[in-house]
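In the order they appear, the protein sequences are chains A and F.
Note that numbering that gives the first Met the number 0 has the first sequence beginning at 0, numbered continuously upward.
Note that numbering that gives the first Met the number 0 has the second sequence beginning at 0, numbered continuously upward.
Just so it is clear, CB atoms sit at the ideal spot from N, CA and C, and this is done for glycine as well.
Computed from a predicted model, the values in this text were never measured in an experiment.
2 protein chains.
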Amino acid sequence: MSEINRVWRLRKRPVGELANDVLSLEEEAIPAPSEGEFLVRMNYLSLDPTNRIWMSDMVQYMPPVELNAPMRGLICGTVKESKHTGFSEGDIVSGLGVWADYQIGSPATMNKMGDTGAMPVVDAFGTFALVGPTAYFGLLDVGQPKEGETVVVSGAAGAVGSIVGQIAKIKGCRVVGIAGSEEKCNWIKNDLGFDASINYKTENVAEALAQACPDGIDVYFDNVGGEILDACLKLMNLKGRIPTCGLISGYNATDPVPGPYNYGMMLMQRLRIEGFIVTDYMERYPEALSHLGKWMGEGKIKVRQDIFDGLENALEILKKLYTGGNQGKLIVRVEDVS
Amino acid sequence: MSEINRVWRLRKRPVGELANDVLSLEEEAIPAPSEGEFLVRMNYLSLDPTNRIWMSDMVQYMPPVELNAPMRGLICGTVKESKHTGFSEGDIVSGLGVWADYQIGSPATMNKMGDTGAMPVVDAFGTFALVGPTAYFGLLDVGQPKEGETVVVSGAAGAVGSIVGQIAKIKGCRVVGIAGSEEKCNWIKNDLGFDASINYKTENVAEALAQACPDGIDVYFDNVGGEILDACLKLMNLKGRIPTCGLISGYNATDPVPGPYNYGMMLMQRLRIEGFIVTDYMERYPEALSHLGKWMGEGKIKVRQDIFDGLENALEILKKLYTGGNQGKLIVRVEDVS
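Structure follows, in structure tokens:
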């Protein structure tokens, strides 16, 4: 066990694009678990759009990270020392932790991963911990797509969006994905079976959407907000639904971001726009995991992960999320599970 | 029977505030009913915010009125001549008609009013035809308020808003109304029993709301959109609901109107924003009318109507809706029911 514990601490609330001085990497002592806790060695750190929200002091669904506190993150790690009877040295756990080599866990924040079968732990962590259930509940519970309907998803090559589109295909929908590069568009169309793809960086999204959605849009799964939301609103069918999973286009903004100019469509077409957070569905995780596992086993859902090495690179890697520089679920590998 | 039929025709799509040349009043022949139709003498014309939408060519929930066609409106009238076996001379009918002394009706667009008991026909028409059921279904079905929750309504002294607030009180909620004059604020607070009122013309709405809603907002019944929606979004509680009935603040706008700046709250607080139109609830009208009738009989719901005389004044009277110049449901009286 290394004697050094590297800990990323939040130093500034981010303003605009993520700057290098919002976090600092410190060398600190390895903490000792109290009764009912255990010490976790991080194996993998999940980087997600919500990290940027936690750094800010905007109103949010969890308390923001306090200034100078360790940065919060979804982690997967190995128990090194346990003072909790339910956890033993060597257990693989995942849950809400911090960006640090070593940290204290407890059942309040972390669960055992369980047997991942033939799937490598990093893949199971990347898919099942957050993004798979987010796609599953957001699309099916909030969006309620019906066979034959048209589903549009933004951030379509992203970790959540790519699964959303594949579930919508399983449910018999026409699926149109919006992504930010030719490579991403080709991937969702050719490898994942989306019916159409739109490159928002090179195409006129409103025109391309109108072409790709000749019967209008019934469900728009929103990961981004902004101009793409506006373009979708314009094409929404009567009683259309907009599950709102993220508004990433506005997270780095320094000025107030106006809501959609076509907001009036929600009255004219009697739309339902509904925000959701996967943590509200914790009780129903087994349902999502059993379906996702089955579909992945049948090859109906494919995932791709972008795994980068080194906790010291976490901030640089996180920036990719807001520039579209990643391809698939972003994971930082600190040390592979042995 | 007068030989002259005055008909308001749409001449221009309105841009900005309603101008006098968007409609013209013509003298025309009285139409003759074909088989299955009847001739209706207008008694009352309902003026509603949606009239402005029908004049425009924005995307909307019914086809816009065609240029040079008679202006569409909700009317109450008396059958003067019938070629439909289900309707007889003297029947009082209401439904979707046009702004004209005489017009053709059929069961596709108009229904018999039925017995209004002790209630004058004009009151029953004003309350039951549109605004009462709108308030009823919008608040209860879409908003789903629970006892003890805080309900905020804008346009609170308006025809729909005043009923929304009173139903919310019946359901045991704390009710805060936003209106545009001291007189209106006093009326909803002192006569209708709202817990608090805010005059958006003289008060800082965001500050006044924060004071009036110490436990946040659970349901915001939106009639206006714009800055008031933004102020409410900021205070919405987890899993709050925003039934969207109207966005009147934007109807007269000439430039694109941005959506709410606090749109991100719908993600952070997992809000549900849902547009609705009362016509979607036609099948359930009896349920609404029986409850509304009972509550009105018990004095738990009070309404006030603003009745103006003369079809020739309809356009001038309609303008009051967008300037806050009316007090209660706007009705044009052409000729009282005899």
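Kindly list, in the order they appear in chain F, the residues whose Cβ is closer than 9 Å to that of residue i.
| i | result |
| --- | --- |
| residue 273 of chain A | 265, 269, 270, 271, 272 and 273 |
Residues of chain A with a CB under 8 Å from the CB of residue i: which are they?
| i | result |
| --- | --- |
| residue 249 of chain F | 263 |
In chain A, what lies closer than 7 Å to residue i by C-beta?
| i | result |
| --- | --- |
| residue 258 of chain F | 257, 258, 259, 260 and 262 |
| residue 243 of chain F | 265 and 266 |
| residue 20 of chain F | Correct list: empty, because the minimum Cβ distance to chain A is about 25 Å. |
| residue 246 of chain F | 263 and 266 |
Under 9 Å Cβ-Cβ, which residues of chain A neighbour residue i?
| i | result |
| --- | --- |
| residue 276 of chain F | 266, 267 and 269 |
| residue 138 of chain F | Neighbours of residue 138 of chain F on chain A: none; closest Cβ ~16 Å, over 9 Å. |
Between which two residues does the beta strand (DSSP E) harbouring residue i extend?
| i | result |
| --- | --- |
| residue 185 of chain F | No beta strand (DSSP E) contains residue 185 of chain F, which is instead part of the alpha helix (DSSP H) from 181–185. |
| residue 177 of chain A | 173–178 |
| residue 197 of chain A | 195–198 |
| residue 308 of chain F | 304–308 |
| residue 243 of chain F | 235–243 |
| residue 218 of chain F | 216–220 |
| residue 4 of chain F | 4–9 |
| residue 26 of chain F | 22–27 |
Can you tell me where the alpha helix (DSSP H) with residue i in it begins and where it stops?
| i | result |
| --- | --- |
| residue 135 of chain F | 131–135 |
| residue 328 of chain A | Looking at the DSSP string, residue 328 of chain A is not in any alpha helix (DSSP H); the run it does join, the beta strand (DSSP E), is 328–332. |
| residue 319 of chain A | 313–322 |
| residue 204 of chain F | 204–211 |
| residue 229 of chain A | 225–232 |
May I ask whether a heavy atom of the ligand MN can be found less than 8 Å away from the beta carbon of residue i?
| i | result |
| --- | --- |
| residue 242 of chain A | This structure lacks the ligand MN, and indeed carries no ligand of any kind. |
Anything in chain F within Cβ reach of residue i, meaning under 7 Å, just list it in chain order.
| i | result |
| --- | --- |
| residue 9 of chain A | Near residue 9 of chain A there are no residues of chain F at all, since even the closest Cβ is about 19 Å away, more than 7 Å. |
| residue 279 of chain A | 269 |
Contact criterion: CB-CB distance below 9 Å. Does residue i meet it with respect to chain B?
| i | result |
| --- | --- |
| residue 76 of chain F | The question asks about chain B, but that chain is absent: this structure's protein chains are A and F. |
Item to check | Residues of the stretch 31–64 of chain F whose Cβ lies closer than 9 Å to any Cβ of chain A, in chain order | outcome: 52, 57, 58, 59 and 60
Item to check | Secondary structure, beta strand (DSSP E): runs of 3+ residues fully inside the stretch 90–121 of chain F | outcome: 91–97, 101–104 and 109–111
Next on the checklist: If we require 3 or more residues per run, which beta strand (DSSP E) segments fall completely within the stretch 38–91 of chain F?
Outcome noted: 71–81
Item to check | Length at least 3, wholly inside the stretch 251–289 of chain F: the beta strand (DSSP E) runs in chain order | outcome: 271–274
Checklist entry - Is the stretch 77–95 of chain A close to the stretch 103–122 of chain A, with three or more CB pairs under 8 Å? => result yes
Item to check | Contact residues within the stretch 73–103 of chain A, judged by C-beta distance below 7 Å to chain F | outcome: none
Checklist entry - Taking the runs of the alpha helix (DSSP H) that are 4 residues or longer, which of them lie wholly in the stretch 150–175 of chain A? => result 158–169
Next on the checklist: Output needed in chain order: residues of the stretch 299–321 of chain F with a Cβ under 9 Å from some Cβ in chain A.
Outcome noted: none
Checklist entry - Using 8 Å as the Cβ pair cut-off and three pairs as the minimum, do the stretch 268–287 of chain F and the stretch 181–199 of chain F touch? => result no
Next on the checklist: With a threshold of 8 Å, are at least 3 pairs of Cβ atoms found where one atom belongs to the stretch 39–55 of chain F and the other to the stretch 238–257 of chain A?
Outcome noted: no
Next on the checklist: Counting beta carbon pairs with one atom in the stretch 256–263 of chain A and one in the stretch 287–296 of chain A, are three or more of them shorter than 8 Å?
Outcome noted: no
Checklist entry - Looking at C-beta atoms only, is the number of pairs between the stretch 150–165 of chain A and the stretch 130–142 of chain A that lie closer than 8 Å three or more? => result yes
Next on the checklist: Quick test of the definition: if touching needs 3 or more C-beta pairs under 8 Å, does the stretch 165–179 of chain A touch the stretch 2–12 of chain F?
Outcome noted: no
Next on the checklist: Measuring CB atoms only, is the stretch 302–312 of chain F touching the stretch 324–335 of chain F, in the sense that at least three cross pairs come out at less than 8 Å?
Outcome noted: yes
Next on the checklist: Counting beta carbon pairs with one atom in the stretch 89–103 of chain A and one in the stretch 21–37 of chain A, are three or more of them shorter than 8 Å?
Outcome noted: yes
Checklist entry - Are the stretch 149–159 of chain A and the stretch 205–222 of chain A in contact at 8 Å, needing three or more beta carbon pairs? => result yes
Checklist entry - Does the count of Cβ pairs from the stretch 204–215 of chain F and the stretch 228–243 of chain F closer than 8 Å reach three? => result yes
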